[in-house]
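Asks: The sequence shown begins at 0 in numbering that gives the first Met the number 0 and counts up one residue at a time.
Here it is: the structure, laid out below.
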Amino acid sequence: MRYFIFTVILIVCALHAAGDEPEIVIELTGEPAKTSIKNGIEIWDKNCRQLSKLLSGKTREYALYQITNVSTKDNNIWAADGARYRFVQYGKDGNYRKLLFRAKEPQTFVACAANTKESLDMTFEYQVDIGLTETEFLDAYALQASSVYLPAASGQTLYQISTKNKKPQFIRFVQGKPVARLDQTQANQFIQDEKQRLRQRAQDQQKAREQEAQKRRRESRRVALLEGGTLYDRMYMPRVIKPSQTQVSPSN
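Given below as structure tokens:
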């Protein structure tokens, strides 16, 4: 890297006017220092396929050094199976490059995502949360996705996506985050499971109501017995005698 070479020449002029100070002249030579690394990677000029080719087999340290842009995220994330990755993102939602590295040294490159489809692929293949939202999904698939009715949603949504090969694909979200990609058979099974879960929940609620009603009836019967009960109760059921009602035999 070349740097500015500063040559400072002090010229002391013998001026006729008394009290004049020496004149300082600064001469600059050489070329300005370059602000970027030679042959560095300008990330916005590359799509995901190109970045993957450039970073294949490379480490996170190499990527951060070679990429001329400044990352907006650089942190550890965990997969559903407990595997740990290092996640680096450039840009923000709607315009980004997401890079996934192994967290274990030497932190080699794993995958890249530059749009919603690639983010979905990364999310499901590695089971990681890389910040993809339901809003971004709907913005990208507004003309392809249609909502599928779920009998017991519980914060869940299911979308069917039209594909070129005419085999429908389904994306399931929970609390606004993608959690699974399903085919037709899996989607049908999921919906059936949801219906069964709803029926089971209704049965459990009905059973709980019946148990509560029985409890109230038992409590009402107990109170009635303590207070003397009905005529039928007096004739055929045991009674609780209050201490004040117990007759004490006089002592001899």
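Just so it is clear, CB atoms sit at the ideal spot from N, CA and C, and this is done for glycine as well.
1. Below 8 Å between beta carbons: does that hold for E117 and C47?
2. From this set, A212, F108 and N74, which residue's C-alpha is nearest S51's C-alpha?
3. State whether the stretch 152-159 contacts the stretch 168-178, with contact taken as three or more CB pairs (one from each stretch) at a distance under 8 Å.
4. By DSSP, does D44 sit in helix, in strand, or in coil?
5. Mapping the DSSP letters down to three states, classify K131 as helix, strand or coil.
6. Let me know the secondary structure DSSP gives Q155 once reduced to three states.
7. Opposite N187 in the DSSP bridges: which residues?
8. What are the boundary residues of the beta strand (DSSP E) that includes K116?
9. Are the beta-carbon atoms belonging to K91 and I129 less than 8 Å from one another?
10. Rounded to a whole number of angstroms, what is the C-alpha to C-alpha distance between Y140 and F86?
11. What residues match up with P105 in a beta bridge as DSSP calls it?
12. What separation, rounded to the nearest whole angstrom, lies between the Cα atoms of P150 and F189?
13. Nearest to Q263 by alpha carbon, out of T122, S55 and M121?
14. When DSSP builds the beta bridges, which residues end up paired with K91?
15. Using CA atoms only, rank isn't needed, just tell me which of G154, L181, Q143 and Y148 is closest to K163.
16. Going by C-alpha distance, which of D73, A78 and L99 is nearest K57?
17. In chain order, what residues of the same chain have a beta carbon less than 7 Å from the beta carbon of Q126, not counting five sequence neighbours either side?
18. Helix, strand or coil for K176, going by three-state DSSP, please let me know.
19. Looking at the unbroken beta strand (DSSP E) that takes in A144, where does it start and where does it end?
20. Per DSSP, which residues does L181 bridge with? Please list them.
21. Quick check on Y64: buried or exposed, where buried means 16 or more other Cβ atoms within 10 Å of its Cβ?
Replies: In short, the structure shows the following:
1. yes
2. F108
3. yes
4. helix
5. It is Leu, not Lys, that sits at residue 131 in the sequence shown. DSSP places L131 in coil when its eight states are reduced to three.
6. strand
7. The partner list for N187 (beta bridge, DSSP) is empty, contrary to what the question assumes.
8. Careful: K116 lies outside any beta strand (DSSP E), inside the alpha helix (DSSP H) at T115 to Y125.
9. no
10. 25 Å
11. Answer by DSSP bridge pairing: none, since P105 is not bridged.
12. 11 Å
13. This structure cannot speak to residue 263, because the chain is shown only from 0 to 251.
14. N94
15. Q143
16. L99
17. A78, A79 and D80
18. strand
19. A144 to V147
20. F169
21. exposed
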